[in-house]
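Reviewing the structure listed below.
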Amino acid sequence: MTQENPHSTSPDRAWIITGPTSGIGRRTALEMADHGTVVLVGRDRARLGGVEREIAAIGGRAASVVADFSDIASVRRAASEIVALGLPIAGLLNNAGIMPLEARTTSHGWDLTYTTNHLGPFAFTEALLPHLPDGTHVVFVCSAVEDPERRPAVVAGFRGSRYISAEASARGEWEPGGASRPGLDAYATSKQGNLATVLAFARETPRLRFSAVEPGFSPGSGLGRDAGTVAVFVSRYVLSPIAPLVKYWSTPKRAARMITRVLTDATAVTGVYYDENGKPMVGSVQVNDPQFSDRVVTETRALLATVPSTE
Numbered sequence: 038m039t040q041e042n043p044h045s046t047s048p049d050r051a052w053i054i055t056g057p058t059s060g061i062g063r064r065t066a067l068e069m070a071d072h073g074t075v076v077l078v079g080r081d082r083a084r085l086g087g088v089e090r091e092i093a094a095i096g097g098r099a100a101s102v103v104a105d106f107s108d109i110a111s112v113r114r115a116a117s118e119i120v121a122l123g124l125p126i127a128g129l130l131n132n133a134g135i136m137p138l139e140a141r142t143t144s145h146g147w148d149l150t151y152t153t154n155h156l157g158p159f160a161f162t163e164a165l166l167p168h169l170p171d172g173t174h175v176v177f178v179c180s181a182v183e184d185p186e187r188r189p190a191v192v193a194g195f196r197g198s199r200y201i202s203a204e205a206s207a208r209g210e211w212e213p214g215g216a217s218r219p220g221l222d223a224y225a226t227s228k229q230g231n232l233a234t235v236l237a238f239a240r241e242t243p244r245l246r247f248s249a250v251e252p253g254f255s256p257g258s259g260l261g262r263d264a265g266t267v268a269v270f271v272s273r274y275v276l277s278p279i280a281p282l283v284k285y286w287s288t289p290k291r292a293a294r295m296i297t298r299v300l301t302d303a304t305a306v307t308g309v310y311y312d313e314n315g316k317p318m319v320g321s322v323q324v325n326d327p328q329f330s331d332r333v334v335t336e337t338r339a340l341l342a343t344v345p346s347t348e
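Just so we're aligned: 283 in the working numbering is position 246 of the sequence shown, and the numbers increase by one with no gaps anywhere.
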């Protein structure tokens, strides 16, 4: 991966970032303000406005689009709004994600984590694909917890992806032998869905570029905010300061800089999975089987086809 992209700083380029109001997403939005217009996509209009003002304060430009990634109709409407802006899109960062420890459902009865982390971003990306210029870089924030052989993830309580099918995942059903907390299985499976999407889309659509990033464990990112007040305090004020010294760990600021380098990279490579240092890494044996990743994509499309385009 190259470290510099002399073309990415062009002010007439636009970069879509989902989940930009906190943690890694917010930091990345601020970093990307140096590279063109930042299109902020999130569910809270007031918080989006706050990030817009931060970007304006450093001389950047931003536009906000409201979308709830647990609602497929909402993300499809958001994609249509972005297309209507008529901006020259250079990149898309699918960063929005949640990790509740227990099972939760959407208003439509689907598993909240799997929908927000995989189905929503998938539908959003598919809606945008026909409108993206050749060479646009689509990046998904993934997680190595999808790999059952990833030792740090196992120590943390994960047991890798427990994928049965897209329909089963939407119902909150996972392969037996998983984690003690259902939210961990949902998260790992959803993150494997992200990685499978990158690998399959890179094969399907060579006119665009697709990458995955493992940002590293960032105690200060806010992803684990459902763990409780004490745990959040310890993560933010005790663990986060030492994160740069620990293998596989990172901070939102450091992760944002790595993600910015990946997103703005000018080379033609596609289908690469980058680690927290921006170096190529390998996902689980399962997700690296093309037949498996293609199946995940095929089943996801079939499931999403059951959701009306407008509601």
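Heads up, the beta-carbon is just placed ideally off N, CA and C, and yes, glycines get one too.
From which residue to which residue does the beta strand (DSSP E) around residue i run?
i: F247; result: R246 to V250
i: N131; result: I126 to N131
i: S346; result: Counting along the chain, S346 falls outside any beta strand (DSSP E), and DSSP gives it neither H nor E.
i: V309; result: V309 to Y311
In its own chain, which residues sit with a C-beta less than 7 Å from the C-beta of residue i, not counting the 5 before and 5 after it?
i: A51; result: G73, T74, V76, L124, P125, I126 and A127
i: N42; result: Note that N42 scores a pLDDT of 36, beneath 50, so its modelled location is shaky; the value from the coordinates is reported in the next line. Once the five neighbours on either side are set aside, the close Cβ partners of N42 are T301, D302 and A303.
i: R332; result: none
i: R84; result: T58
Determine whether the beta carbon atoms of residue i and residue j lie at a separation below 7 Å.
i: M318; j: Y224; result: no
i: F161; j: V112; result: yes
i: A115; j: A104; result: yes
i: L138; j: G220; result: yes
i: A70; j: I95; result: yes
i: R188; j: D222; result: no
i: S107; j: T152; result: yes
Take residue i and list the residues in its own chain whose beta-carbon comes closer than 6 Å to its own, dropping the five residues that flank it on each side.
i: N154; result: G134 and S227
i: V344; result: I109
i: A140; result: G209 and P219
i: V235; result: F177, F247 and A249
For my contact list, residue i and residue j are in at a C-beta cut-off of 8 Å; report their separation, rounded to the angstrom.
i: E186; j: S321; result: 7 Å
i: A249; j: R64; result: Contact doesn't hold; Cβ gap of about 19 Å is too wide.
i: A233; j: V324; result: 5 Å
i: T242; j: N131; result: Not a contact, Cβ separation roughly 15 Å.
i: T337; j: G230; result: 7 Å
Across which residues does DSSP place residue i in a beta bridge pair?
i: A51; result: T74 and I126
i: H174; result: G128 and R246
i: D148; result: T142
i: G79; result: V103
i: P185; result: The partner list for P185 (beta bridge, DSSP) is empty, contrary to what the question assumes.
i: P57; result: Partner(s): none; P57 has no beta bridge.
Where does the unbroken alpha helix (DSSP H) through residue i begin, and where does it stop?
i: Y224; result: P219 to E241
i: S206; result: A203 to A207
i: A100; result: No alpha helix (DSSP H) holds A100; the beta strand (DSSP E) holding it covers A99 to V103.
i: E169; result: The amino acid occupying residue 169 in the given sequence is Leu; Glu does not appear at that position. Note, L169: premise wrong, no alpha helix (DSSP H); not H, not E.
i: G60; result: G60 to M69
Apart from the five residues just before and just after residue i, which ones in its own chain have a Cβ nearer than 8 Å to its Cβ?
i: L341; result: I109, L156, F159, A160 and E163
i: L169; result: I126, L129, V175 and L245
i: A237; result: P327, S330, D331, V333 and V334
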